[in-house]
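Report on the following structure.
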Amino acid sequence: MTDVTILGGGIFGLSIAWACLGRGARVRVIERRGIGAGASGGIVGALAPHVPENWNDKKQFQFDSLIAALDWWPEVEAVSGLATGYQRTGRLQPVPDARQLELAHARAENAKTLWKGNAAWEVTPVTGAGWEPPSPTSSLIRDTLSAHIHPRKAVKALARAVEMKGGEIVIGDGDRQGQIIHATGYEGLLEDAKSLGKPFGNGVKGQALLLGFDAEPEAPQLFADALHIVPHGDGTVAIGSTSEREFDDPCATDAQLDEVHARAVKAFPVLNDAPIVARWAGIRPRAKSRAPVLGAHPVHEGEFIANGGFKIGFGMAPKVGEVMADLVLEGRDAIPASFRPEASLT
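In structure tokens form, the structure reads like this:
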């Protein structure tokens, strides 16, 4: 017998499986295509916090999850024997003008209170080192909370860890027993919207690329011109990504990715001669509320939903697994109001 059946083998589905196994539940994951077949099989993996201001439940949830990740992902690696690419090495951002510099200093003070000494947000001078973004003000924002991961490797490691803990993973069709959790990505959101007869969520295409560049050990991720530059530990650097509401082919890369590459090289000249190793495209699930959707399923009575990880799924994963296991196995509801399905139905 199975206590919990999870539909979907992406980051949300696997993180919930991992948390439920940790509570002693018998777990089955049913994935139609393959582990990480959707957006969770991407290549960028920037785990970055919200800015420390206008604090709310969503920002606190993400902060708690990023803090938890420091132990969570190493445990996954230890159990699975596979690398996830997780490193908490911080992030550097340029400060474009005097107004933004003033704002950065204010946020640095806010972080001292909001982040409670667990991480820092600070303004530092440009050093002239190769691995940092140019800055018009000669100042950089450095935070020590940001981390990065290799999504494609991480979901494979998490799936292996689930199996090592006794969980069952079925590719294709399988029996649904016990509590049912739908973690079915953008296709699930579209199916739910059709059943509800109203907007609920959709898919947003993202394109990214890998460059052959061996950054220095413990190099931070970089962010400028709305681009994430993520140094992986395997001699590659990921750049992403586009956000496309309209698209014809969900898996094709095109001239929009060429533009991303050009912007990245302009913002970070150190990457100018780095060869392109791989190009990737996928569809990320975006709920109408833009927040994750967690809780009672709005269509399937008596069942649950965990979807809408749009851009922040990996950063939210440890906490998503925890609160969904609380809800499904113990009846304890610690889900923020802005994450509930109702928030995407109004």
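Sequential numbering from 30 applies to the sequence shown in the numbering used here. Yeah, the Cβ is synthetic: ideal placement off N, Cα and C, and Gly gets one too. Treat the numbers as computed from the prediction; the structure is a model and nothing was measured.
Counting Cβ pairs closer than 8 Å, one from the segment 82-92 and one from the segment 361-370, do we hit at least three?
yes
In its own chain, which residues sit with a C-beta less than 7 Å from the C-beta of N139, not counting the 5 before and 5 after it?
The sequence position of residue 139 within the sequence shown is 110, counting from 1. Here the set comprises P81 and E82.
Is C49 buried or exposed, if buried means 16 or more other CB atoms sit within 10 Å of its CB?
For the purposes of this step, residue 49 is taken as residue 20 along the sequence shown, with counting starting at 1. So C49 counts as buried.
So for Q208, helix, strand or coil by DSSP?
As a first step, residue 208 is located in the sequence shown; it is residue number 179 there, counting from the start. Of the three classes helix, strand and coil, the one that applies to Q208 here is strand, per DSSP.
Within 7 Å, strictly: CB atoms of H261 and G269
Within the sequence shown, numbered from 1, the residue matching residue 261 stands at position 232. Within the sequence shown, numbered from 1, the residue matching residue 269 stands at position 240. No.
Contact under 7 Å by Cβ, R369 with G324:
Within the sequence shown, residue 369 is the residue found at index 340, counting from 1. Within the sequence shown, residue 324 is the residue found at index 295, counting from 1. Their beta carbons are under 7 Å apart, which means R369 touches G324 by this criterion.
Would you mind reading off the limits of the beta strand (DSSP E) that contains T153?
Residue mapping note: residue 153 aligns to position 124 of the sequence shown, counting from 1. Start and end: W150 to P154.
Buried or exposed: where does T113 fall if 16 or more other Cβ atoms within 10 Å of its Cβ makes it buried?
For the purposes of this step, residue 113 is taken as the residue at position 84 of the sequence shown. It counts as buried.
Three-state secondary structure (DSSP) at R189?
For the purposes of this step, residue 189 is taken as the residue at position 160 of the sequence shown. Correct three-state label for R189: helix.
Rounding to the nearest angstrom, what Cα-Cα distance links H326 and G311 in this structure?
Start at 1 with the first residue of the sequence shown, and residue 326 comes out as number 297. Start at 1 with the first residue of the sequence shown, and residue 311 comes out as number 282. H326 and G311: Cα-Cα distance of roughly 25 Å.
Just the C-alpha distance for V357 and H211, rounded to the nearest angstrom, thanks.
Stepping through the sequence shown from its first residue, residue 357 is reached at position 328. Stepping through the sequence shown from its first residue, residue 211 is reached at position 182. When rounded, the distance between both Cα atoms is 12 Å.
Across the segment 64-76 and the segment 180-193, are there enough close Cβ pairs to call them in contact, namely three or more that are closer than 8 Å?
yes
Thinking F343 and I40 are a contact (beta carbons under 8 Å), I'd like their distance in whole angstroms, please.
Working through the sequence shown from its first residue, we reach residue 343 at position 314. Working through the sequence shown from its first residue, we reach residue 40 at position 11. Indeed, because the Cβ distance is near 6 Å, the residues count as touching under 8 Å.
Hey, how far is the Cα of G217 from the Cα of V56?
Counted from its first residue, the sequence shown places residue 217 at position 188. Counted from its first residue, the sequence shown places residue 56 at position 27. C-alpha separation (whole angstroms): 21 Å.
At least three beta-carbon pairs within less than 8 Å, the segment 157-169 to the segment 87-103
no
Taking Cβ to Cβ, would you say G337 is nearer than 7 Å to G230?
For the purposes of this step, residue 337 is taken as residue 308 along the sequence shown, with counting starting at 1. For the purposes of this step, residue 230 is taken as residue 201 along the sequence shown, with counting starting at 1. Cβ distance < 7 Å, so G337 and G230 count as in contact.
Span of the beta strand (DSSP E) around V105
Here residue 105 corresponds to residue number 76 of the sequence shown, with the count starting at 1. Counting along the chain, V105 falls outside any beta strand (DSSP E), though it belongs to the alpha helix (DSSP H) covering D86 to S109.
So I20 is in the alpha helix (DSSP H); what residue range does that whole segment cover?
Limits of the chain in this structure are 30 at one end and 375 at the other, which puts residue 20 out of reach.
R171, buried or exposed, once every other Cβ within 10 Å from all chains shown has been counted against 16:
Numbered from its first residue, the sequence shown carries residue 171 at position 142. Under this definition R171 is a buried residue.
Count the other CB atoms within 10 Å of the CB of I341; is the residue buried (16 or more) or exposed (fewer)?
Residue 341 sits at position 312 when you count from the first residue of the sequence shown. Under this definition I341 is a buried residue.
When burial is assigned at 16 or more other CB atoms within 10 Å of the CB, is T213 buried or exposed?
Residue numbering aside, residue 213 sits at position 184 when the sequence shown is read from its first letter. Buried, by the Cβ-count rule.
Expected contact under 8 Å - CB spacing of V155 and H134 to nearest Å
As a working note, residue 155 is residue 126 in the sequence shown. As a working note, residue 134 is residue 105 in the sequence shown. Not quite, the Cβ-Cβ distance comes to about 16 Å (not below 8 Å), so this is no contact.
Under DSSP, the beta strand (DSSP E) around S224 begins and ends at which residues?
Position 195 of the sequence shown, counted from the start, is the residue given in the question as residue 224. Counting along the chain, S224 falls outside any beta strand (DSSP E), though it belongs to the alpha helix (DSSP H) covering G214 to L225.
Within 10 angstroms of the Cβ of E359, are there 16 or more other Cβ atoms? Answer buried if so, exposed if not.
By one-based count along the sequence shown, residue 359 stands at place 330. Its Cβ having fewer than 16 others within 10 Å, E359 is exposed.
Pull up the DSSP beta-bridge partners for F276, would you.
Numbered from its first residue, the sequence shown carries residue 276 at position 247. BP columns for F276 are empty, so no partner.
Terminal residues of the continuous alpha helix (DSSP H) containing I45?
Numbered from 1 along the sequence shown, position 16 holds the residue referred to as residue 45. Taken as a continuous stretch (DSSP letters only), the alpha helix (DSSP H) holding I45 covers I40 to G51.
How many Å lie between S224 and G235 at the Cα?
By one-based count along the sequence shown, residue 224 stands at place 195. By one-based count along the sequence shown, residue 235 stands at place 206. Those two C-alpha atoms are separated by around 26 Å.
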